[in-house]
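Reading through the structure tokens given below for one structure.
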Amino acid sequence: HGVAFKIEEVPLSPDFVKVYDDSVSLWVEAMQRFQEAAELIDAENRMKKTMWGQFWSSHQRFFKYLCIAAKVKHAVQTAREAVKCGKCVVIGLQSTGEARTLEQLERDDGELS
């Protein structure tokens with residue numbers, strides 16, 4: 029009655045790769061629009077720090093959940109097989125490191141290098 033731990037690599041479907049690539053394009057465009065808006069209103073550094081902190085936090089959350097979504101079908105199949113074998117299933121989700129990104133934004137005046 030021991031505990032087993034397993035990390036599985038889930039291959040991405042071509043459909044998911046397209047969704048991911050399209051999402052990247054949208055975020056690049058959004059970043060350009062935010063930069064233009066900050067220049068148009070001549071935003072002060074403090075406002076830019078806040079704006080970019082919110083932007084990059086949202087960016088990381090979006091891609092975190094997009095990547096999790098890509099694994100759901102496989103996780104459900106794996107869990108169902110384990111339950112059929114009389115096992116108890118625990119699924120862990122990993123963090124994106126959002127807190128560390130926010131710390132870097134704070135140190136570097138809202139810029140990511």
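Each step along the sequence shown adds one to the number in this note's numbering, with nothing skipped, and position 4 is 32.
Backbone N, C-alpha and C define an ideal beta-carbon position, used for all residues, glycine too.
Check                                                                                                                                                                              : Outcome
In terms of residue numbering, what span does the alpha helix (DSSP H) encompassing Lys-46 cover?                                                                                  : 42-68
What residue range does the alpha helix (DSSP H) around Ala-71 cover?                                                                                                              : Neither: Ala-71 is in no alpha helix (DSSP H) and is coded neither H nor E.
I believe Phe-62 touches Met-79 by the beta-carbon criterion, under 8 Å. Please report the beta-carbon distance rounded to the nearest angstrom.                                   : 7 Å
Alpha carbon to alpha carbon, what distance is there between Arg-89 and Asp-43?                                                                                                    : 21 Å
Using alpha carbons as the reference points, say which of Trp-84, Ile-119 and Cys-95 lies closest to Glu-134.                                                                      : Trp-84
How long is the line joining the alpha carbons of Lys-101 and Ala-110, rounded to whole angstroms?                                                                                 : 14 Å
Can you confirm whether the segment 32-49 touches the segment 90-98 when touching is taken to mean that 3 or more C-beta pairs between the two stretches lie within less than 8 Å? : yes
Pick from Ile-119, Gln-60, Ser-53 and Arg-128: whose alpha carbon is nearest that of Ala-32?                                                                                       : Ile-119
Using alpha carbons as the reference points, say which of Glu-131, Val-117, Asp-137 and Arg-128 lies closest to Gly-30.                                                            : Val-117
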